[in-house]
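*Asks:* One structure coming up, written as structure tokens, with questions to follow.
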Amino acid sequence: MHRIAILGLGAMGVRMAANLTKAGHDLVVWNRSPGPVAKLRASGARVAATPRTAAEEADFVISMVRDDAASRAVWLDDASGALGGLHPDALAIECSTVTPAWVAELASAIQGRSSALLDAPVVGSRPQAEAGQLIFLVGGDGEAVAQALPLMEAMGGAIHHAGPSGSGAAVKLAVNALLSVQASAVAELLAFLTRSGLDPARSMGILAGMPVVSPAAAGLAKMMVARSFAPMFPMALVEKDLGYALAGADRVGADLPTTRAVRDVFARALACGYGGDNISGVVQVFE
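31 is the number of the first residue of the sequence shown in my numbering; add one for each residue after it.
Okay, here's the thing in structure tokens:
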């Protein structure tokens, strides 16, 4: 059993925390709003008033928040940040989808306290988080990865050590960019076939059986035809992650013209008011 702090109890964090509790770990949680903490408190988790007080009790501190800005506030806020309560032998784990540049800055700050950081964003959505079947993409020292394995195994079905610090963040942005490119391509082609007089369900069913179509693209096509836009991966976050991928590419001198074009598509979706819809809702831009 480990003493673990979870910072951020959104749709993913609350499910990850529940699986750690089920695995028998001693959990302390923090969230900006009180709503998500009640069920975890009932299952034995303690509730901290700030990220700093949560970290003071923990051997492992896991953050799962929206973006770089939220992560910075959770870790580095002068009054309440987790860094102020982090023990020298504690392991910090950033599971949020953030930029490699922020990971580098955070790692430097944490190393200044003689602690270590893993960037360990996850692939998967609410059903995978619920079932403990997330995929972890991990950057950092191999010894620290081994130390964190029991935690990640309680929450995930696969753990990939991508390389040194920042590698997990970079691979996660590549994964999300590739998914977004496929979503945009399927959406525009569905609109083309529908405007050409084809039945959308039939035409997408044919395409889904082609060897050029990935399982992810086939699943997106099915959701688009069914008008299934309930948020699993909201387009506001899709657009954010594409922006992060472009910022990461600029940082290392890489050119991502396809990703840039697809970000423009999702920016159009946000401008149309679809930001809260699932990634499959991008089809609405082309209708």
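Beta carbons are placed, not taken as given, at the ideal position from N, Cα and C, and that holds for glycine.
It should be emphasised that the depicted structure is a prediction, and the values quoted were computed from it without experimental measurement.
1) For A323, which option in R96, G38 and D98 has the closest C-alpha, if you only look at C-alpha atoms?
2) Look at the Cβ atom of A192, then the Cβ atom of V216, and state whether they are nearer than 8 Å.
3) Indicate the three-state DSSP secondary structure (helix, strand or coil) for D271 in the structure shown.
4) Determine whether the beta carbon atoms of E87 and A35 lie at a separation below 8 Å.
5) With DSSP as the reference, identify every bridge partner of S19, one or two as the case may be.
6) Only counting the same chain, and skipping five residues up and downstream in sequence, which positions put a Cβ closer than 8 Å to that of D294?
7) Is there at least one Cβ from chain C nearer than 8 Å to G154's Cβ?
8) Hey, is the stretch 159 to 166 in contact with the stretch 134 to 144, meaning 3+ C-beta pairs nearer than 8 Å?
9) Under 8 Å between the Cβ atoms of S233 and V312?
10) Less than 8 Å separating the beta-carbons of D98 and V128?
11) List the DSSP bridge partners of H191.
12) What three-state label does DSSP hand D56 in the structure shown?
13) Would you mind reading off the limits of the beta strand (DSSP E) that contains F90?
14) Which same chain residues, not among the five before or five after L286, have their C-beta less than 8 Å away from its C-beta?
15) How about Q212 and L250: do their beta carbons lie closer than 8 Å?
16) Compare the C-alpha of S144 against each of M31, S210 and H117 and name the closest.
17) From Q177 to A150, what does the alpha carbon distance come to, in whole angstroms?
18) Can you say whether F90 is buried or exposed, counting buried as having 16 or more other CB atoms within 10 angstroms of its CB?
19) Assign D108 to one of three DSSP states: helix, strand, or coil.
20) Looking at G40 and P81, is the spacing between their C-beta atoms short of 8 Å?
21) Excluding the 5 residues preceding and the 5 following V153 in the sequence, name in chain order all residues of the same chain whose CB lies nearer than 6 Å to its CB.
22) Using the C-alpha atoms, what's the distance from F316 back to A79?
23) Judging by CA-CA distance, which residue of M253, L300, G273 and A199 is the nearest neighbour of T288?
24) What does a CB cutoff of less than 7 Å around Q158 pick up in its chain, not counting 5 residues either side in sequence?
*Replies:* Here's the rundown:
1) With the chain covering only 31 through 317, there is no way to say anything about residue 323.
2) No, Cβ-Cβ distance for A192 and V216 is not below 8 Å.
3) Three-state DSSP puts D271 in a helix.
4) Yes, the Cβ-Cβ distance between E87 and A35 is below 8 Å.
5) Because the chain here runs from 31 to 317, residue 19 falls outside it and cannot be looked at.
6) Excluding residues within five positions, none has a Cβ falling inside 8 Å.
7) In the displayed structure, chain C is absent; only one protein chain is listed.
8) Pairwise C-beta distances place the stretch 159 to 166 out of contact with the stretch 134 to 144, as fewer than three of them are shorter than 8 Å.
9) At a Cβ-Cβ threshold of 8 Å, S233 and V312 do not count as neighbours.
10) Taking 8 Å as the Cβ cut-off, D98 and V128 qualify as a contacting pair.
11) Looking at the DSSP assignment, H191 forms a beta bridge with V168.
12) Look at D56 here: in three-state DSSP terms it is strand.
13) That run of the beta strand (DSSP E) goes F90 to S93.
14) Excluding sequence neighbours, L286 sits near A207, A275, L276 and A279.
15) Judged by beta-carbon spacing, L250 lies within the 8 Å limit of Q212, meaning their Cβ atoms are closer than that value.
16) Checking every option, the nearest Cα to that of S144 belongs to H117.
17) One C-alpha to the other measures close to 13 Å.
18) By the neighbour-count rule (16 or more Cβ atoms within 10 Å), F90 is buried.
19) The answer is coil: DSSP assigns D108 none of H, G, I, E or B.
20) No. Outside cutoff.
21) Setting aside the 5 residues that flank it on each side, V153 is surrounded in the same chain by I165 and V205, each with a C-beta closer than 6 Å to its C-beta; the list follows chain order.
22) Whole-angstrom Cα-Cα distance: 46 Å.
23) It is G273 whose Cα lies nearest to the Cα of T288.
24) Excluding positions up to five away in sequence, the list reads L164.
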